[in-house]
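Student:
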Amino acid sequence: MIKRAIVSGIVSAGAKARDVRELPVPVTQWATLDAECAAGIHVLVSPLDQRSADIRFFDTDGLQIDKRAERKLENLLFREDFRRAGFYEMGDIVRKYIALDGYVAHYLPIRGETVMADTLKHYRPLDAPSWRLILNAIHSLMLRYEPPGAMPAPPAPVQPPEPKVRLTAALDIALRRLPLDDDAPLRTLVGLVRDDLRGRIAELKERLATVEAAFSALDPPAPGIRYLWAGCETAALAAVAAAAKNERPLSERLAAFETALALAEAWCRLGEGERHFGRHQ
Numbered sequence: 330m331i332k333r334a335i336v337s338g339i340v341s342a343g344a345k346a347r348d349v350r351e352l353p354v355p356v357t358q359w360a361t362l363d364a365e366c367a368a369g370i371h372v373l374v375s376p377l378d379q380r381s382a383d384i385r386f387f388d389t390d391g392l393q394i395d396k397r398a399e400r401k402l403e404n405l406l407f408r409e410d411f412r413r414a415g416f417y418e419m420g421d422i423v424r425k426y427i428a429l430d431g432y433v434a435h436y437l438p439i440r441g442e443t444v445m446a447d448t449l450k451h452y453r454p455l456d457a458p459s460w461r462l463i464l465n466a467i468h469s470l471m472l473r474y475e476p477p478g479a480m481p482a483p484p485a486p487v488q489p490p491e492p493k494v495r496l497t498a499a500l501d502i503a504l505r506r507l508p509l510d511d512d513a514p515l516r517t518l519v520g521l522v523r524d525d526l527r528g529r530i531a532e533l534k535e536r537l538a539t540v541e542a543a544f545s546a547l548d549p550p551a552p553g554i555r556y557l558w559a560g561c562e563t564a565a566l567a568a569v570a571a572a573a574k575n576e577r578p579l580s581e582r583l584a585a586f587e588t589a590l591a592l593a594e595a596w597c598r599l600g601e602g603e604r605h606f607g608r609h610q
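My numbering applies: residue 330 is where the sequence shown begins, and numbers increase by one.
Next comes the structure, spelled out in structure tokens:
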């Protein structure tokens, strides 16, 4: 909310705001310098008090402003001594700028590929969320229990036909065809991410097959969850097909592939939770 308010204020003053989304502070500082911005602002939750927010201001070189500049900025804000723009002078919000690619490519020769590759080990998919256990408990204790006089359960929906190419196969094909230029600054890191995704796909194939086979033997709401997955898989396949084209930046394509894979992994964990509860006796 604070970030949106700041962006709205910048735009209403007739300036252009470049939204770099969620980034670490050093990357925001580098993006301010790289994009030749007049200044940079970073909003984050205070590490000292989770109920507070820290707002950091950077100059055109990406350096944090000093105390004197902070007081000057505060005085301008309190006096409301800043420019008002008419509706025809409103600024724009730019969201197409991706700072992380340039940041890694810039510092890769300095820090070395080995150091950069080691950082990827800290960004692994999380385990199944604990809230799924709560939902499964609700299903078992409430939805599967039939009190006296309860209406009969609705029939299970007819499962839609399987797509010609399953999501795991489409992802594997797209990743194998992902071009890696020999002179690209991110070739080594992109190769590591691609191999990691293909390894997760190989593990997911067997898990999905087991879960889908087990769902046919479960009572509601399992068939309904299986029915919903068909729609999710269709949407994920469309996203993978769009990302497989060379029109988008490499990082965006990898992000789209991993999003589709994470969706399948999440549904698989959900299905495994349903399967462990079994039938209500």
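For glycine and all other residues, C-beta sits at the position ideal for the given N, C-alpha and C.
Because the structure is a prediction, the values reported are computed rather than measured.
(1) Between H379 and the rest of its own chain, which residues show a CB-CB distance below 8 Å, the 5 nearest in sequence each way excluded?
(2) Look up R506 in the DSSP assignment and say whether it is helix, strand or coil.
(3) For R333, which three-state DSSP category applies?
(4) Which class does Q358 belong to by DSSP, given the choice of helix, strand or coil?
(5) Let's see if you can read the secondary structure: which residues bound the beta strand (DSSP E) around F386?
(6) Quick check on this structure: which residue in V433, A571, L500 and A498 has the alpha carbon closest to the alpha carbon of T517?
(7) What number of angstroms, rounded off, separates the C-alpha of G369 from the C-alpha of V519?
(8) Quick one: is H435 buried, meaning 16 or more other Cβ sit within 10 Å of its Cβ, or exposed?
(9) Going by C-alpha to C-alpha distance, which of S381, E399, T539 and D383 sits closest to L599?
(10) Going by the CB atoms, is the gap between A342 and A414 shorter than 8 Å?
(11) Please list the terminal residues of the continuous beta strand (DSSP E) segment that includes V374.
(12) Check each candidate in E535, R505, A559 and A542 and name the one with the smallest Cα separation from P490.
(13) Can the beta-carbon of A593 be found closer than 8 Å to that of L509?
Tutor: With the structure as the only source:
(1) What you label residue 379 is simply residue 50 of the sequence shown in a count that begins at 1. The sequence given here has Gln at residue 379, not His. Nothing meets the Cβ criterion.
(2) As a position in the sequence shown, residue 506 is number 177, starting the count at 1. For R506, the secondary structure class from DSSP, reduced to helix, strand or coil, is coil.
(3) As a position in the sequence shown, residue 333 is number 4, starting the count at 1. If DSSP states are grouped into helix, strand and coil, R333 belongs with the helices.
(4) For the purposes of this step, residue 358 is taken as residue 29 along the sequence shown, with counting starting at 1. Of the three classes helix, strand and coil, the one that applies to Q358 here is helix, per DSSP.
(5) The sequence position of residue 386 within the sequence shown is 57, counting from 1. Taken as a continuous stretch (DSSP letters only), the beta strand (DSSP E) holding F386 covers A382 to F387.
(6) Position 188 of the sequence shown, counted from the first residue, corresponds to residue 517. Nearest C-alpha to T517: V433.
(7) Reading the sequence shown from its first residue, position 40 is the one you call residue 369. Reading the sequence shown from its first residue, position 190 is the one you call residue 519. Rounded to the nearest angstrom, the two C-alpha atoms are 29 Å apart.
(8) On the sequence shown, residue 435 is found 106 positions in, with the first residue counted as 1. Exposed is the call here.
(9) Within the sequence shown, the letter at position 270 stands for residue 599. For L599, the nearest C-alpha among the options comes from T539.
(10) Translated into positions along the sequence shown, residue 414 becomes position 85. Translated into positions along the sequence shown, residue 342 becomes position 13. The Cβ atoms of A414 and A342 lie closer than 8 Å to each other.
(11) Within the sequence shown, residue 374 is the residue found at index 45, counting from 1. Note, V374: beta strand (DSSP E), G369 to V374.
(12) What you label residue 490 is simply residue 161 of the sequence shown in a count that begins at 1. It is A559 whose Cα lies nearest to the Cα of P490.
(13) Within the sequence shown, residue 593 is the residue found at index 264, counting from 1. Within the sequence shown, residue 509 is the residue found at index 180, counting from 1. Not a contact, by the Cβ cut-off of 8 Å.
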